[in-house]
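Chains Z and C supply the protein sequences, listed in that same order.
So the first sequence is numbered by the working numbering: it starts at 1 and just counts up by one.
So the second sequence is numbered by the working numbering: it starts at 1001 and just counts up by one.
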Amino acid sequence: DIQMTQSPSTLSASVGDRVTITCRASQSVSSWLAWYQQKPGKAPKLLIYKASSLESGVPSRFSGSGSGTEFTLTISSLQPDDFATYYCQQYNSYWTFGQGTKVEIK
Amino acid sequence: EVQLLESGGGLVQPGGSLRLSCAASGFTFSNYAMSWVRQAPGKGLEWVSGIRGSGGSAYYGDSVKGRFTISRDNSKNTLYLQMNSLRAEDTAVYYCAKAGPQSYGDHCFDYWGQGTLVTVSS
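See below:
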């Protein structure tokens, strides 16, 4: 089974900050990597697919990069609506999520 | 507009059974794989089970293999999850999720339902 590990688990940041979240796979997942945003009590929302493709309607301040085993999600300028938990998910072999990264207000 | 509406959650005793349903609308249901993803209280997301659009292939996570059965009725645009031999650790919000377009790869989840809570407790 492919394991996904995100870091950090919690991130404290201010509005306007550049934020980077890392996701590592236990083996190569090529570019089959997605990122989701989840707010309390709500369903996850797809942000990025195929490692770096922005889902329709998602603000351009979100970007993804990486391939193989190491990936990053970057928010170029954190906005109040971005405080949430973020999950990576591999879909190269079945489907596995990372444990999540909570972005909280500093 | 794509809509996914789960139902069937509730309180069940350990060892009991429950069947979840997910009514889909706004897309050609039979063209897309579907999955169930769960989230235990205060925890992260866990993929539970998936099924191809035709219903011909089904997949399960190790924690539910042999206890849960996924199925779909394409004539009713509905996805199901039959859960047997339920355990306390199955307590979670269960989401149904739609596979993204083929161009996204095989597959991430582009639409999610609002979730239904399953509580396993005596």
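The beta-carbon is built from N, C-alpha and C at its ideal position, and this holds for glycine as well.
Bear in mind that the values here come from a model prediction, so they are computed numbers and not experimental data.
Assigned exposure category for residue i - 16 Cβ within 10 Å defines buried
i: C/L1011; result: exposed
i: C/A1088; result: exposed
i: Z/Q38; result: buried
i: C/D1090; result: buried
Pair within 9 Å by beta-carbon distance, residue i and residue j
i: Z/G66; j: Z/L33; result: yes
i: Z/T101; j: Z/S14; result: no
i: C/A1099; j: C/G1050; result: yes
i: C/L1045; j: Z/Y87; result: yes
i: C/L1086; j: C/L1018; result: yes
9 Å Cβ cutoff, residue i in contact with chain Z
i: C/L1020; result: no
i: C/V1037; result: yes
i: C/D1062; result: yes
i: C/G1105; result: yes
i: C/Y1059; result: yes
i: C/G1197; result: Missing from the structure shown is residue 1197 of chain C; chain C here goes from 1001 to 1122 and no further.
i: C/G1050; result: yes
Within chain C, partners of residue i - CB distance below 7 Å
i: Z/Q109; result: Examination of residue 109 of chain Z is not possible in this model, given that chain Z is present from 1 through 106 alone.
i: Z/P44; result: L1045 and W1112
i: Z/K50; result: Y1104 and G1105
Minimum C-alpha distance to residue i - residue among the options
i: C/G1056; options: C/S1063, C/N1031 and C/P1014; result: C/N1031
i: C/E1006; options: C/W1112, C/R1052, C/Q1039 and C/S1075; result: C/W1112
i: Z/R61; options: Z/C23, Z/S30, Z/I48 and Z/K106; result: Z/I48
i: C/A1023; options: C/G1015, C/P1014, C/S1017 and C/M1034; result: C/M1034
is_contact[residue i, chain C] using C-beta, thresh 9 Å
i: Z/F71; result: no
i: Z/S106; result: Residue identity check: residue 106 of chain Z is Lys in the sequence provided, not Ser. Judged by the 9 Å Cβ criterion, Z/K106 is not in contact with chain C.
Check: residue i C-beta below 8 Å from any heavy atom of the ligand GTP
i: C/D1106; result: As presented, the structure is devoid of all ligands, the ligand GTP included, so that no description of it is given.
Contacts of residue i in chain Z (Cβ-Cβ under 7 Å)
i: C/Y1095; result: A43
Within chain A, the residues that residue i reaches when beta carbons sit closer than 7 Å
i: Z/A34; result: You won't find chain A in this structure, because its protein chains are Z and C.
9 Å Cβ cut-off: residues of chain C touching residue i
i: Z/Y86; result: Residues of chain C passing the Cβ test: none, with the nearest at roughly 11 Å.
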